[in-house]
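>
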Amino acid sequence: MDSIEKWKKRYMSSDTAAVTKMFLPDIEAAYRLLQKLELSPILVQVLTGHGGFSSYLYRFKCKNSPECVCDSQKEESVEHLLLEYPKYLQDRFKLEMVTNMQPKKENISKLLACKKHRNRFITYCIDIAKDVINRNKTK
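The following block contains the structure:
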């Protein structure tokens with residue numbers, strides 16, 4: 001088995017990187033796509049879930065809880081913020097109107113892969129992440 005096949009197998013069978021897999025489920029397509037993207041620190045936080053989100057900050061004892069401010073039964077994760085958080089309902093609706101694709105988990109990778117709508121989707125993700133990261137900054 002060559003190294004690419006080993007890498008693919010390890011990526012797909014791993015219990016880690018769930019957020020990254022939501023955006024980039026296919027490792028070879030991910031490699032090609034990432035060559036085209038301008039990766040900013042905020043975009044990397046979105047694509048990995050490693051950043052100023054309550055669910056991540058809680059893991060490192062930087063927050064007392066992983067819960068979202070909108071619902072104590074929900075974790076403030078990248079997935080929740082992009083797909084469910086009530087504050088961004090209008091933004092999700094606008095994204096759907098522009099892309100003709102409903103922002104839901106099974107469409108995340110398609111929205112990122114679609115050359116025509118990629119920049120709009122990335123802007124949507126970054127705007128939400130900036131808002132949440134700013135709110136979660138420690139004082």
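When you line the sequence shown up against my numbering, it's residues 1 to 139, in that order.
We put the CB at the ideal spot given by N, CA and C, even for glycine.
(1) Can you find at least 3 beta carbon pairs, one from the stretch 5-16 and one from the stretch 67-77, that sit closer than 8 Å?
(2) What residue range does the alpha helix (DSSP H) around THR96 cover?
(3) Going by DSSP, what residues sit across from GLU67 in a beta bridge?
(4) Between which two residues does the alpha helix (DSSP H) harbouring PHE23 extend?
(5) Would HIS50 pass as a contact of TYR58 if the rule is Cβ separation under 7 Å?
On the basis of the data shown:
(1) no
(2) For this step, residue 96 is matched to residue 96 along the sequence shown. Residue 96 is actually Glu in this sequence, not Thr. GLU96 -> alpha helix (DSSP H) spans 89-99.
(3) Taking the first residue of the sequence shown as 1, we reach residue 67 at position 67. According to DSSP, which records beta bridges pairwise, GLU67 is partnered with GLU75.
(4) Indexing the sequence shown from 1 puts residue 23 at position 23. In the DSSP assignment, PHE23 falls within the alpha helix (DSSP H) that extends over 18-23.
(5) Position 50 of the sequence shown holds residue 50. Position 58 of the sequence shown holds residue 58. The answer is no: Cβ separation not under 7 Å.
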